[in-house]
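J.: So for the sequence shown, our numbering puts the first residue at 14; every next one is plus one. Ideal Cβ positions, reconstructed from N, Cα and C, are used throughout, including at glycine. No experiment lies behind these values; they were computed from the predicted model shown. Here it is: the structure, laid out below.
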Amino acid sequence: MKKIALIGCGTIGKEIALAIDKKNINATITAIYDVIPEKAEDLKNILKNNFPIITGTIKEAVGTCDLIVECASQNAVNEISKTAFPSKKDVFILSVGALIAYPQIMKSARRFNVKVLFPSGAIAGLDAVRAAKLSGIVSSTLTTRKPPVALGLNLKKEKIIFRGSAKDAIKKFPANINVAAALSICSIGPENTKVIIIADPKIKRNTHEIEVISKSGRILARTENMPSPDNPKTSYLASLSAIANLRELCQ
Ligand SMILES: NC(=O)c1ccc[n+]([C@@H]2O[C@H](COP(=O)([O-])OP(=O)(O)OC[C@H]3O[C@@H](n4cnc5c(N)ncnc54)[C@H](O)[C@@H]3O)[C@@H](O)[C@H]2O)c1
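What follows is the structure, encoded as structure tokens:
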């Protein structure tokens, strides 16, 4: 049974911990850590099993497990990489933008021969994009539509508020960071992947559409996401996608 250290006890961390607690993931939690200790306490208190040990540092948590599951922040991914990789431990991350913000993370993972895994999160079709990459990708585009209020705007008509590379989108729209990062890593990189962000008063749900044109054909995939029951900023699909991946990894 896989031993998991959970870093970050917010919306996604809680969903993953509950899935392990209900035995929907065949794993045990050896440590939980959150930069806000009360968040780790609150999570421990809602779990029926008595397994999680709250640690005071990421390093301590890493020492207890064979897989680190990160649901915290880009900084946390960077910090985790410094202790997990030399200990030859694989990591499963949600804050995918960290791989672009801190390019040294992937270099270090290759050096220590460890795996950095991430789920498709709030978008669909990354399995096909990874396959298409083998044939050669010609273009890769993410179009995100959000209700204007989600972007702090009050508009009656749709408006393109960003058009540019994934690299620039990640800097200017950190809330969109993980989907843009995941698509660009699986396709043609952050400089060449295009991102369009549209404020659209006609939609109620955050919508992501990816279009990838490759020598093997055209991939079009669209998700219209419900918010997480606990946190309107996080798509419910992101937690579910992490849980589905962890179920497979821990079989
Ligand atoms: N891949 C995707 O599609 C996708 C989708 C949604 C969110 N995310 C990312 O996943 C991460 C978690 O999302 P969430 O909705 O659960 O966020 P959240 O804000 O609900 O929870 C994050 C938790 O991590 C803790 N935290 C922050 N920095 C930390 C650090 N350095 N060390 C330890 N704990 C730390 C916070 O205190 C908080 O409890 C975020 O980085 C978010 O951007 C990814």
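Which same chain residues end up closer than 8 Å to L130 when comparing Cβ atoms and leaving out the 5 residues on each side of it in sequence?
T.: D103, V104, F105, I106, N258, L262
J.: In the structure shown, what three-state DSSP assignment does G165 receive?
T.: coil
J.: What are the boundary residues of the alpha helix (DSSP H) that includes A179?
T.: 179–185
J.: When DSSP labels each residue in this structure, what does F131 get in the three-state scheme?
T.: coil
J.: Assuming G26 and C84 are in contact, meaning their beta carbons sit under 8 Å apart, how far apart are those beta carbons, in whole angstroms?
T.: 4 Å
J.: What three-state label does DSSP hand V225 in the structure shown?
T.: strand
J.: Can you tell me whether DSSP reads G21 as helix, strand or coil?
T.: coil
J.: Which word fits L166, buried or exposed, when buried means at least 16 other C-beta atoms lie within 10 angstroms of its C-beta?
T.: exposed
J.: Using CA atoms only, rank isn't needed, just tell me which of S108, F64, S178 is closest to E204.
T.: Closest by C-alpha distance to E204, out of S108, F64, S178, is S178.
J.: Would you check if the distance between the CB atom of V151 and the CB atom of I232 is smaller than 7 Å?
T.: no
J.: Closer than 6 Å to a non-hydrogen atom of ligand 1 - does that hold for the CB of T24?
T.: yes
J.: CB-CB under 6 Å to E28, same chain, minus the five flanking residues each way: which ones, in chain order?
T.: S252
J.: Do you know how far the Cα of E222 is from the Cα of R143?
T.: R143 and E222 have their C-alpha atoms spaced approximately 16 Å apart.
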